[in-house]
């Protein structure tokens, strides 16, 4: 290129690697060379290792704990039990859901693998050896594993600590195993709609207990410096600032003396939001021993003790006219929370945002109630790649709509098209209290139907059904349609907080003199690629190449306070904070540029990577020049420097949506389900990096596939957790995983500074009903109404047998 | 517990150490040698995050004792770059094709793909999927991992084709 030829606008834009381009990830440089920095990679001088003694029983009284043999093992430094934590008032801890949870078993155990004692040794093998030597004497108590029996009059009392408490964090308790009842909507109007309905359906839809199971388990290193009185806590934290605040409240160490650091995280999916006994015990052990203490969960501990998801049992009713117009929705949920309510929901939302359950449809009225109960199972109820019970809600309405279509004899896609909220209705007030920001559902579903050749698929299905009836084939075919509306980006301070802290998020940008920059964030990537995409937003906003911008997250000393990454909130909330911080910088840059160009600041305009004089494009100052000037030639009255911080309190949630269509072939003699095709159209508003969006969709769909087709954390009748290892818990390999087709429409969010809505969780939310609808649709012509998940071959075969195939 | 002296070659370097007979190879690599690229994701040999190359075979180093690797020739992710310092085609491929997200499975996945391509330089998609089925990824859905391995296969076989 001739050096004299100035770069074109397109070349300048390309150089920025800003929004909309498929920028390669900056994280990959270290990860592909084994240079990631995960918690277990951390090695500190004198570091000790903690390991848990866990309960053998689901429900038992602890008669005694003998730690003497364990303490006698050479290398063992301490063995902590509840008795050791009690004087510090740390044997129990608050949960994010307003409940309390035992850190170490206090008098009884309430689920199998519950933490009883914490062995600390100079070697992880020694800690494991010694844990085996701790002798616990139990007295078995009657276990409660079926949530439907939790509120029976004679049900065993699980939570003796709540004896006599007739109300909890979310209102009255109806029974000793009852946690909360949450209701929303107009009960009378809904009852009336059902009374007058021409057609109704009612089905109990179970969404089984599953687990996020990131490849890296939960882990931490706690290091307490007695001289300085400072605690440093490295850990797998999706929300490091919240962990710092909780640690300050629990430990009494002043918050400014607690340094929480989340290094690289090997996947989170909601598993790493909460605070677990392992973190508390590591901190205490470090304070007691004066040495750094590492705790690393193994896979069985991960699957059986930290943060299950779902376990929602949803009795779903829809009222409609006989020509297929929905007139009312009524849902009752029985929510199994296990031994402690350790949901990671915003504080005022005990059932998360389950009231998005009206989905994409214009229901004139609806009512929903949720009863949370205790059982002898692991605590949790986390949002597994989900914005707080939105997956459950999407499954509920999307299965419900299919069941209604079947009853009406209507095509499920046609029923959806008939009932969609129409484009002109946005912003749309839902019957259960949300204001949907934007959408164009008809266009999205029609685009999907056209791309998959929907009409031809239905014709093929019909022909196959006839061939099956004639005995010519043993294969049946299902077409699963799902049209989901998500609610993400928690959230506006008017209705979202965690432990009283509003759910804003934050960004601080500093432009260095040479025009390079650092951006620090209140969120924390666990694989989403924030270092790549956040820089793209800044690049487009202020015209500095993304390659010149470093994004830093996870260090609570340097990052502005933020609520972390989960619930697809990073782009809707932190992404907006980036844009607003960038715009503050841009405003100052405009002042500096005008000063340098000797014109009024209203007479300059932004142009890709520079400010230019209006009407005189050859008179300009680049952002690089402006950055330098910010440190030596600012206009009189303006401070030097070029930096800004933004704490963004979103005015509303964002409402991504999508049309997913799954084509499935099922061998009725083996129950084996083969996904022939899976089409996923996502509308997440403005697209920051299409490559990363597609990657998120692939990954979320694979999780959805696993959930719908095989995952379950099951318990036997005495409370033994069945299959909490990768021997049994289904994580699909490359062989089982289907191929994914992605597509998109773009309907920007009107209230978000860059119009982005978030995408990470959509494929999990929308994928599960698409798979389940495909299985159920395949069997519908044989008289099937609903088959519960998971749809593994054994259960699908059984379902076929029941239908007489 | 009594310790045993082990010697082996790791990424072309002779290394030695004192280990208990029960010390797992993954712990020897990560803790004695500070090669933290390979990870631990389970304890049942299912996830493959700990995969390294041992005497020309992919092994899950969480299921091999360090003493079993006595005298072995081992390669880990830290030894994958080319002698001239450029990245191996697989390392390039994973970045080019967005074959990773959280990065936790990546070192094991790349080492497994390395051995797969040694054994089958031009695998079909189905052969790749079967070939990496001992390695779990929770983020990508595998589609882009397959593409990354195809990218590397094409890049590695390109010079030979030119010579032919």
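Residue numbers (this note's numbering), protein chains in the order written: chain A, 350 to 1154; chain B, 34 to 197. Each residue gets a CB set at the ideal place from its N, CA and C atoms; glycine is no exception.
- It is roughly 24 angstroms from the alpha-carbon of residue 535 of chain A to the alpha-carbon of residue 1003 of chain A.
- Of the candidates B:179, B:167 and B:74, B:74 places its Cα closest to the Cα of residue 567 of chain A.
- Below 8 angstroms, too few C-beta pairs join the region 369–376 of chain A and the region 446–464 of chain A to call them touching: fewer than three.
- Nearest to residue 416 of chain A by C-alpha distance, out of A:366, A:579, A:738 and A:468, is A:468.
- Non-local C-beta neighbours of residue 914 of chain A in its own chain, meaning closer than 6 angstroms and more than five positions away in sequence, comprise 587, 872 and 873, ordered along the chain.
- Residue-level contact check: residue 166 of chain B touches chain A, since one or more beta carbons of chain A fall below 8 angstroms from its beta carbon.
- Within the same chain, 424 come within 6 angstroms of residue 475 of chain A by CB-CB distance, once the 5 residues on both sides are set aside.
- Note: residue 521 of chain A is bridge-paired with A:516 in the DSSP secondary-structure output.
- Cβ contact annotation for residue 1123 of chain A (same chain, cutoff 6 angstroms, sequence separation greater than five): 827, 829, 1011 and 1013, in chain order.
- For residue 875 of chain A, the neighbours in chain B by C-beta distance under 8 angstroms run, in chain order, 135.
- Under the three-state reduction of DSSP output, residue 1098 of chain A falls in the coil class, being neither helix nor strand.
- When DSSP reads this structure, residue 607 of chain A sits in a beta bridge with A:580.
- In the displayed model, residue 184 of chain B falls within a helix according to three-state DSSP.
- Beyond the five residues adjoining it in sequence on each side, residue 950 of chain A comes within less than 6 angstroms, by CB distance, of 939, 940 and 943 in the same chain, given in chain order.
- Within 10 angstroms of the beta-carbon of residue 561 of chain A lie 16 or more other beta-carbons, which makes it buried.
- In the DSSP assignment, residue 943 of chain A falls within the alpha helix (DSSP H) that extends over 924–946.
- The C-beta distance from residue 996 of chain A to residue 853 of chain A rounds to 5 angstroms, short enough to meet the 8 angstroms contact threshold.
- Contact annotation: in the region 97–121 of chain B, residues whose CB is within less than 8 angstroms of a CB in chain A are 109, 110, 111, 113, 114 and 120.
- The continuous beta strand (DSSP E) containing residue 91 of chain B extends over residues 90–93.
- Within the region 92–158 of chain B, the complete beta strand (DSSP E) runs of at least 3 residues fall at 106–108.
- Within chain A, 474 have C-beta atoms less than 8 angstroms from the C-beta of residue 53 of chain B, given in sequence order.
- Residue 50 of chain B does not reach chain A, its nearest Cβ partner there being about 14 angstroms away, counting only Cβ pairs nearer than 7 angstroms.
- For residue 966 of chain A, the enclosing beta strand (DSSP E) covers residues 965–971.
- Within the region 67–93 of chain B, 67, 68, 69, 70, 71, 72, 73, 74, 75, 76, 77, 79, 80 and 82 place their CB atoms closer than 8 angstroms to a CB of chain A, listed in sequence order.
- Annotation for residue 1146 of chain A: the continuous alpha helix (DSSP H) segment containing it runs 1142–1151.
- Taking a Cβ-Cβ cut-off of 7 angstroms, the neighbours of residue 163 of chain B in chain A comprise 1084, given in sequence order.
- Cβ-Cβ distances below 7 angstroms link residue 1079 of chain A to 1055, 1059 and 1060 in the same chain, with the five nearest sequence neighbours on each side left out; the list follows chain order.
- Counting along the chain, the unbroken alpha helix (DSSP H) around residue 474 of chain A starts and ends at 473–482.
- 167, 168, 169, 170, 171, 172, 173, 174, 175, 176, 177, 178 and 179: these are the residues of the region 167–188 of chain B whose beta carbon lies less than 9 angstroms from some beta carbon of chain A, given in chain order.
- Going by DSSP, residue 1116 of chain A is part of the alpha helix (DSSP H) stretching over 1111–1129.
- Under the Cβ criterion (8 angstroms, minimum of three pairs), the region 678–688 of chain A does not count as touching the region 763–776 of chain A.
- Neighbours of residue 614 of chain A in chain B, taken as residues whose beta carbon is under 9 angstroms from its own, are 135 and 137 in chain order.
- Closest in alpha carbon position to residue 656 of chain A, among A:732, A:431, A:614 and A:505, is A:732.
- Burial of residue 644 of chain A is indicated by the presence of at least 16 other C-beta atoms within 10 angstroms of its C-beta.
- When A:698, A:484 and A:1046 are compared, the shortest CA-CA separation from residue 845 of chain A is found for A:698.
- Within the region 1031–1043 of chain A, the residues whose Cβ lies closer than 8 angstroms to some Cβ of chain B are 1040, 1041 and 1043, listed in chain order.
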